[in-house]
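Scroll down for the structure; my scribbles are underneath it.
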Amino acid sequence: MTPKERYLKLKEHLSEENPVLVEVIDEYEKLDETARALGFLTKNQTFTESISWWPLISVLGTFSAGKSSFINEFLGKKVQQSGNQAVDEKFTVLCYSKNEATLPGVALDADPRFPFYNISKEIEKIEGSHSNINRYLQLKTVNSQNLKGKILIDSPGFDADTQRDATLKITSHIIDLSDLILIFFDARHPEPGAMRDTLNHLVEVARSHTDSDKVLYILNQVDTCSKEDNLEDIIGSWQRALSQKGVVSGTFYAIYNENAAKAEGGAVDERLKRKKDEDLAKIYEKIEKVVVDRAYRIVKNIETRVKELKEYISLARAELAKFRKRMLFIDAILLLAFGVALYYISSFVEGDILFAAAFALFLALAALHFKIKAVLSDMMAQKISNPYVKNSFAKFTRWYVNYISAPLKVGRKKYLLKLDELVNRSKSFIQRLNDQFLENRKSEAYSQE
Ligand SMILES: Nc1nc2c(ncn2[C@@H]2O[C@H](COP(=O)(O)OP(=O)(O)OP(=O)(O)O)[C@@H](O)[C@H]2O)c(=O)[nH]1
Ligand SMILES: [Mg+2]
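In structure tokens:
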């Protein structure tokens with residue numbers, strides 16, 4: 020996908036899901052342009068690639084814990100199968116679209132919303148190059164307002180003992196990529212050994228891969244304990260078990276799925292329902308927060324990039340100045356050699372022959388100049404560790420580029436001004452995001468009244 024195609028596709032999706040960000044794409048386009056003019060990006064690279072535009076929220080947990088039922092409830096429609104046997108074998112990536120469809124995993128590679136190209140590589144590493152990403156991943160587009168501006172992942176029930184390596188790898192990878200991870204446990208199976216191992220494994224993977232505030236631990240199906248008096252005990256012992264694993268409190272929730280509970284005919288008392296409503300509201304709030312945070316991070320990233328580019332500019336200038344010094348020295352020697360040789364030849368020949376000899380000599384020394392320039396450029400570029408600076412250095416030390424003015428070209432004021440303008444405008448986008456989210460909150464408050 021070329022950068023142009025990528026801008027277009029991103030805009031297409033964002034115009035439906037988060038309109039303020041559509042204009043932010045134009046800012047990234049300008050950032051890319053400046054970075055390209057300075058040689059930091061090649062013509063096929065774009066900074067829009069190095070950030071994920073949609074926050075990823077993944078739902079993991081033991082099998083039959085109610086992950087798919089939770090997602091259906093969140094989306095307001097039955098998108099995922101649910102049932103008492105292990106239902107899901109694949110990871111399902113859910114994203115918004117007016118047109119609903121189920122697509123094979125490879126579709127993820129072609130969509131700029133997903134940072135998943137790494138997953139195919141991961142799977143290849145485990146299964147060999149003939150591996151099939153479609154066996155592990157599928158994509159569903161869902162027309163649900165609640166899915167706008169975010170990506171959800173439903174996962175197969177987790178079982179540390181029997182799970183294939185590939186599934187474990189994908190789980191770790193998804194945890195790495197996620198902005199929020201909901202880990203579902205099932206109150207019907209509070210403590211049995213096999214289940215505990217699975218939980219331990221999940222908690223450990225989550226803890227070792229990501230920040231603690233990104234993970235929510237959710238004890239689901241607590242309605243099934245409402246007939247017994249020991250609900251507090253069950254929740255308490257579950258929380259203690261998690262605390263012993265080093266999970267910080269404040270990220271525990273106990274909920275149940277109202278429709279599923281009704282279907283099973285369980286009577287749920289008021290107190291439990293209240294607790295569930297509270298916790299569920301908190302979980303939904305966290306999900307919304309992730310969406311808001313992501314939008315700010317995308318805009319803030321422009322500022323971060325500008326700061327980096329300014330650093331790269333001074334690094335590239337320093338390298339180019341070094342290159343200029345060395346080349347000037349070499350060219351002085353070549354010029355001297357030219358003068359001496361010419362003086363020497365002129366004592367033997369004169370007239371047209373002298374002119375022809377001088378011209379031939381000049382051509383030979385010019386060729387030598389370009390050869391040395393290419394070799395020196397390669398040698399110096401190899402020593403530059405920063406890939407952006409290296410790109411820029413290579414661009415400005417090409418044979419036809421005037422090396423004497425190169426450091427000045429990279430340091431031109433117009434580039435710095437353009438970068439400063441980008442930062443200023445990104446501040447106004449932050450303001451507009453503030454307005455947008457305030458507006459959303461107000462309209463939500465009205466609709467609740
Ligand atoms: N009583 C009760 N039943 C629930 C609750 N949530 C889900 N269920 C039921 O539990 C079963 C499993 O639910 P699913 O949503 O398929 O669970 P899952 O975690 O997606 O399962 P896998 O994808 O197979 O791992 C279904 O029969 C649901 O109706 C709940 O809160 N209370
Ligand atoms: Mg499921």
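For what it's worth, the numbering used here labels the leading residue of the sequence shown as 20, then goes sequentially. We put the CB at the ideal spot given by N, CA and C, even for glycine. Please read all numbers here as calculations on a predicted model, not as lab measurements.
Between the Cα of residue i and the Cα atoms of the options, which residue gives the shortest distance?
| i | options | result |
| --- | --- | --- |
| K23 | Q64, N37, I372 | Q64 |
| Y500 | H220, D252, S34, F389 | One cannot answer for residue 500 here, as it falls past the ends of the chain, which runs 20 to 468. |
| N443 | K96, L75, V318, P131 | V318 |
| E297 | E327, F271, D312, V311 | F271 |
| V234 | G124, R460, L261 | L261 |
What residues are listed by DSSP as bridge partners for residue i?
| i | result |
| --- | --- |
| G80 | F203 |
| N543 | Residue 543 is absent from the structure shown; the chain starts at 20 and stops at 468. |
| T121 | K159 |
| D173 | V78, T111 |
| F415 | For F415, which the question treats as bridged, DSSP gives no partner whatsoever. |
| V234 | I200 |
Identify whether residue i lies in helix, strand or coil by the three-state DSSP scheme.
| i | result |
| --- | --- |
| N249 | coil |
| F59 | coil |
| Q99 | coil |
| V368 | coil |
| F133 | coil |
| Y275 | coil |
| V394 | helix |
| I403 | coil |
| Y469 | Outside the displayed span of the chain (20 to 468) sits residue 469, for which this structure offers no information. |
| I194 | helix |
| R460 | helix |
| V266 | coil |
| D13 | Any question about residue 13 goes unanswered here, given that the chain covers just 20 to 468. |
| I168 | Looking at the sequence shown, residue 168 is not Ile but Gly. G168 falls in the coil class under three-state DSSP. |
| V310 | helix |
| W73 | coil |
| Q258 | helix |
Leaving aside the five residues before and after residue i along the sequence, list all residues of the same chain whose C-beta is less than 7 Å from its C-beta, in chain order.
| i | result |
| --- | --- |
| A376 | I364, V368 |
| E458 | none |
| V429 | L57, I332, A335, R336, L339, S411, F415 |
| L441 | E46, K49, L50, I321, V325 |
| I391 | I349 |
| C244 | A206, L250, I253 |
Once you ignore the five residues that flank residue i on each side, which residues in its own chain have a CB closer than 6 Å to its CB?
| i | result |
| --- | --- |
| S116 | T160 |
| N278 | none |
| V267 | S231 |
| S469 | Within the shown structure, residues of the chain are numbered from 20 to 468, placing residue 469 beyond reach of any answer. |
Which residues in the same chain have their Cβ closer than 8 Å to the Cβ of residue i, if we skip the five residues on either side of it in sequence?
| i | result |
| --- | --- |
| G265 | R226 |
| I172 | L75, I76, S77, V78, F110, T111, V112, L113, I193, S197 |
At least one CB of chain B closer than 9 Å to the CB of residue i: is that the case?
| i | result |
| --- | --- |
| S462 | The structure shown contains no chain B, having only a single protein chain. |
task = For the stretch 318-388, list the alpha helix (DSSP H) runs that are entirely contained and at least 4 residues long, ordered along the chain.
result = none
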